[in-house]
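A.B. asks:
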Amino acid sequence: MRFTSLVIELIRARPRLVVWLVVVLQAILWLLVSLILYRSPPADLASVVALGREYRVGSDLGPPLAFWLADIAYRAVGNHMFGVYLLAQLCSIATFWILYLFARAAVGGQQAVLAVLLTMTVLAFSAPGLEFGPLVLARPLWALLLLHSWQLIGQNRRNAWFAWSIEAGLLLLTTSAGIVLLVLVIGFALATARGRRVLMSFDTLYALLVIVVLVLPYLIWLIRADVPHLPHLPPVADLSGRALHGAELLGGLLFASMGIAIVSVFNSGWLDRTQDEAPVMFRPPVDPAVRDFVYFFAFAPALVGCLISGLFGLDHVVGGPGVVLLMSGLATIVACGDLIHLRRQRTLRSVWALIILTPALAVVGAAILIPWTTSREVTTSLPATAIGRFFDDSFARRTNQRLSAVSGDAQLATLISLSPTRPHLFLASAPERTPWLDLSKFNQTGGVVVWRASDTDGTPPPDIARLFPGLAPEVPQTFDRLVNGRQSLLRIGWAIIRPKAP
Numbered sequence: 356m357r358f359t360s361l362v363i364e365l366i367r368a369r370p371r372l373v374v375w376l377v378v379v380l381q382a383i384l385w386l387l388v389s390l391i392l393y394r395s396p397p398a399d400l401a402s403v404v405a406l407g408r409e410y411r412v413g414s415d416l417g418p419p420l421a422f423w424l425a426d427i428a429y430r431a432v433g434n435h436m437f438g439v440y441l442l443a444q445l446c447s448i449a450t451f452w453i454l455y456l457f458a459r460a461a462v463g464g465q466q467a468v469l470a471v472l473l474t475m476t477v478l479a480f481s482a483p484g485l486e487f488g489p490l491v492l493a494r495p496l497w498a499l500l501l502l503h504s505w506q507l508i509g510q511n512r513r514n515a516w517f518a519w520s521i522e523a524g525l526l527l528l529t530t531s532a533g534i535v536l537l538v539l540v541i542g543f544a545l546a547t548a549r550g551r552r553v554l555m556s557f558d559t560l561y562a563l564l565v566i567v568v569l570v571l572p573y574l575i576w577l578i579r580a581d582v583p584h585l586p587h588l589p590p591v592a593d594l595s596g597r598a599l600h601g602a603e604l605l606g607g608l609l610f611a612s613m614g615i616a617i618v619s620v621f622n623s624g625w626l627d628r629t630q631d632e633a634p635v636m637f638r639p640p641v642d643p644a645v646r647d648f649v650y651f652f653a654f655a656p657a658l659v660g661c662l663i664s665g666l667f668g669l670d671h672v673v674g675g676p677g678v679v680l681l682m683s684g685l686a687t688i689v690a691c692g693d694l695i696h697l698r699r700q701r702t703l704r705s706v707w708a709l710i711i712l713t714p715a716l717a718v719v720g721a722a723i724l725i726p727w728t729t730s731r732e733v734t735t736s737l738p739a740t741a742i743g744r745f746f747d748d749s750f751a752r753r754t755n756q757r758l759s760a761v762s763g764d765a766q767l768a769t770l771i772s773l774s775p776t777r778p779h780l781f782l783a784s785a786p787e788r789t790p791w792l793d794l795s796k797f798n799q800t801g802g803v804v805v806w807r808a809s810d811t812d813g814t815p816p817p818d819i820a821r822l823f824p825g826l827a828p829e830v831p832q833t834f835d836r837l838v839n840g841r842q843s844l845l846r847i848g849w850a851i852i853r854p855k856a857p
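Heads up: the sequence shown begins at 356 in the numbering used here, then just goes up one per residue.
Listed below in C-alpha cells is the structure:
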C-alpha cells in the first residue's frame, strides 16, 4: 500500500505554507536559544552594536549599513540584544522566502520547497544563527539581487531595474565583498546574449546613477580615509601556503554542504526495491538559461571567494559562506531532473530535522558542558546586563554623572558599552578602531577602566597601567557566569577616571 505523508501532501498543495512553517520555526528555535542561554552576545556582535552606536559612515570593519541597523534594532526593544537577534532571524526568513520565489520561477512550486529545505541544511552549518552583521545582512540582499537579475536577463522585465539598483547599492553599503558579487553578476550578463542586450539599454545608466547616489557618502569617506587601495600580492614563496589556505576554505564550504549529501544518500534508490511507490515531485522542463544561471551562481561565488581569500590570506570566504552557498540547494534540485522521488519519507524527515537542530543542540551542549570539562570560557555565559548596570551605577554614585565612556579590557569594555547609558567604547590599545575618542578626550570626559583581576587587590595589568598612569583601583567586583562549573567567579578590576571641569 502506497503511503504519502501529510508533509508531502502539504508540499504539493500548499508549498508556500510549508516554506513559511519551516523558516519561522527555525527562527523561533534560535530566538529561544538566545533567551535561555545567551547572557551576553556571541562572537563579535557586541562590537557591531558598539560601532553602530557611533553612526560612522565607514570604519575599518567595512561599510556602515549593518552596524546602523544593529543599533536601531537594539534601541527599538529598549536597549536589549533580543532586538538584534530578532533582526538576524528576520534576515534569515527573508533570505529563504526570496530564494523560494526565485526557485518557484525556475523549477515550480513543489521542487522550490525542496530547494529551500536543502539550502537550510547548508546554511545551518555555514551561516551564523544569531550573530547579526554584514555577512548576515548581505544574504537577503544577495538573494534579491539574484532574483531581479534573472528577471532582467531571463524574463526581460524592465521594471526590475529600479529594485536591482537599490539592492546593488545597499549591498555595497553592507559588505566590502559587494563589489566582487556585482562583478560576477555583470560578468554573467556579458557572457550571455540576453544579458548583453539588457546591459546595452539606457536603463543601465539610470541604475548606475542610483547606485552612485546611494554609496556616495561611503565613497567620500573611503577617499578621505585613504582606504581604497588594492591589497599587496603575496611574495612567490608564500603562494603555496596561500593556496593551501584557499583549499582549506573550500573544504570548509564542502563540509557545510554535507547536509545535501546526507539527505541525498537517504533518498537514493540504490537499496530501495519499491521505487514505483515513492511519491514524486514534478516540475516542467527547466529553461537552459535558468540552468546556466543557477549553476553559475552556485559555483562561481564560492570558487572566486576562496581564491581571493586564499590569495590575500583572509580568514573567511569573501562574501561569507551564507552568500556563496545560497544557490547550492537549488542547483542540486535542478540537477536531479524533472521527477524527484521522495523515498523513506519518515527517515528523510528525521534526518533533515536532526541536521537543522544540530547547531542549536551544539550551542546548548557547549554552554552546559564546557565549563565543567575545560578551562575555556563560554563567551555567551558572561552576565553582560549585570556587569553594565553595576558600572553604570558605580560611576553615577561617585561622580553624579552618567557614564560616558569605558575602556580597558576589550571584551569587558565592549560589554559595558551595551549598558543602559550606552557609554562610548574606547580601545586604548588599538585607538584607530575607535576614532571617535582618543586618550586625552577620554581623560577629559572621564569614564571607567576595567580589566580581569587575578587577585583581590585589583592591581591593573602592566599594559593598562602604562596606558592609564596613576589609576586608583577600586575593590574588584565578582560576577557569576551562566554556568560556573570548574571555573572561578568572574573577577573584574576597575578604576574611575573622574571627569575634568571644562
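Positions of the beta carbon are idealized from the N, C-alpha and C atoms, including for glycine.
1. Which same chain residues, not among the five before or five after L456, have their C-beta less than 7 Å away from its C-beta?
2. For L424 and A431, I'd like the C-alpha separation in whole angstroms.
3. Using the C-alpha atoms, what's the distance from W849 back to L669?
4. Give me the DSSP bridge partner(s) of H696.
5. Give me the residue from P786, P775, A751 with the minimum Cα distance to D764.
6. Report the option in F750, V412, A739 whose CA atom is closest to the CA atom of V570.
7. Please classify W849: does DSSP put it in a helix, a strand, or coil?
8. Can the beta-carbon of L685 be found closer than 8 Å to that of A482?
9. Within 10 angstroms of the Cβ of T789, are there 16 or more other Cβ atoms? Answer buried if so, exposed if not.
10. Could you check which residue in L416, L472, A449, S395 has the C-alpha nearest to that of L709?
11. For I819, which option in L380, V803, V403 has the closest C-alpha, if you only look at C-alpha atoms?
12. By the 10 Å Cβ neighbour count, where 16 or more other Cβ atoms means buried, how is H779 classified, buried or exposed?
13. Which residues bound the alpha helix (DSSP H) around A741?
14. Over what stretch of residues does the alpha helix (DSSP H) that includes Q832 continue unbroken?
15. Name the DSSP bridge partner or partners of H779?
16. Is the beta carbon of L442 sitting closer than 8 Å to the one on F422?
17. Give the single residue among A739, V635, F652 whose Cα lies nearest to the Cα of E364.
18. Taking Cβ positions, are V462 and V618 nearer each other than 8 Å?
19. Under the three-state reduction of DSSP, which class applies to G840: helix, strand or coil?
20. Under 8 Å Cβ to Cβ from N622, same chain only, skipping five residues before and after it: list those, please.
21. With a threshold of 16 other CB atoms inside 10 Å of the CB of T776, please say whether the residue is buried or exposed.
22. May I ask you to report which of helix, strand or coil DSSP gives W806?
23. Would you decide whether S389 is buried or exposed? Buried here means 16 or more other CB atoms lie within 10 Å of its CB.
24. Distance, Cα to Cα, M356 vs A633?
25. Out of curiosity, what's the CA-to-CA distance linking L662 and A751?
26. On the DSSP bridge list, what partners appear for G417?
27. Work out the CA separation of R753 and S447 for me, nearest whole Å.
28. Within 10 Å of its beta-carbon, does S664 have 16 or more other beta-carbons around it, so buried, or fewer, so exposed?
29. Using three-state DSSP, classify F647 as helix, strand or coil.
30. With respect to 7 Å, is the separation between the Cβ of N514 and the closest non-hydrogen atom of the ligand HEM below this value?
31. Output the residue ranges of the beta strand (DSSP E) runs that lie fully inside the segment 364-401 and measure 3 residues or longer, sorted by chain position.
32. So, helix, strand or coil for F480, using DSSP?
33. Say whether the segment 519-526 touches the segment 490-499, bearing in mind that this needs 3 or more beta-carbon pairs closer than 8 Å, one atom from each stretch.
34. The alpha helix (DSSP H) spanning K796 covers which residue range?
35. Under 6 Å Cβ to Cβ from R806, same chain only, skipping five residues before and after it: list those, please.
C.D. replies: Working from what's here:
1. The answer, listed in chain order, is L502.
2. Rounded to whole angstroms, the separation of the alpha carbons of A431 and L424 is 10 Å.
3. Rounded to the nearest angstrom, the two C-alpha atoms are 35 Å apart.
4. Paired residues: V635.
5. Of P786, P775, A751, the residue nearest in Cα terms is P786.
6. Here the closest residue by C-alpha is V412.
7. Judged by DSSP in its simplified three-state form, W849 adopts strand.
8. Taking 8 Å as the Cβ cut-off, L685 and A482 do not qualify as a contacting pair.
9. By the 10 Å Cβ count, T789 comes out buried.
10. Nearest C-alpha to L709: L472.
11. When L380, V803, V403 are compared, the shortest CA-CA separation from I819 is found for V803.
12. Under this definition H779 is a buried residue.
13. 739-754 is the span of the alpha helix (DSSP H), which, as asked, contains A741.
14. Run containing Q832: none in the alpha helix (DSSP H); it sits in the beta strand (DSSP E), 832-834.
15. The partner list for H779 (beta bridge, DSSP) reads A760.
16. Judged by their CB atoms, L442 and F422 are not nearer to each other than the 8 Å cut-off.
17. Answer by Cα proximity: V635.
18. The answer is no: Cβ separation not under 8 Å.
19. Looking at G840 - three-state DSSP - the assignment turns out to be coil, as it is neither helix nor strand.
20. Listed in chain order, the non-local C-beta contacts of N622 below 8 Å within the same chain comprise H696, L697, R698, R699, L703, local neighbours out to five positions each way being set aside.
21. In this structure T776 is buried. Its beta-carbon is surrounded by 16 or more other beta-carbon atoms within 10 angstroms.
22. For W806, the secondary structure class from DSSP, reduced to helix, strand or coil, is strand.
23. With a 10 Å radius around the Cβ and a threshold of 16 neighbouring Cβ atoms, S389 comes out buried.
24. Confidence is the limiting factor: at M356 the pLDDT is only 42, short of 50, which leaves the residue's position unreliable and the question unanswerable from this model.
25. Each residue's alpha carbon lies about 52 Å from the other.
26. DSSP output for G417 lists S414 as bridge partner(s).
27. Using only the alpha carbons, I get a separation of about 45 Å.
28. Under a 10 Å Cβ-count criterion, S664 is classified as buried, with 16 or more other Cβ atoms of the shown protein chains found around its own Cβ.
29. With the sequence shown as reference, residue 647 is identified as Asp, and Phe is not the correct amino acid for it. In the structure shown, D647 adopts helical secondary structure according to DSSP, grouped into three states.
30. The ligand HEM is not among the ligands present in this structure, which contains no ligands whatsoever.
31. You should have found no qualifying run.
32. In the three-state scheme derived from DSSP, where H, G and I count as helix and E and B as strand, F480 is classed as helix.
33. A contact exists between the segment 519-526 and the segment 490-499.
34. Per DSSP, K796 belongs to the alpha helix (DSSP H) from 794-800.
35. The identity of residue 806 in the sequence shown is Trp, whereas the question assumes Arg. Excluding residues up to 5 positions away in sequence, G763, D764, P815, P816, I819, G848 lie with their Cβ nearer than 6 Å to the Cβ of W806 in the same chain.
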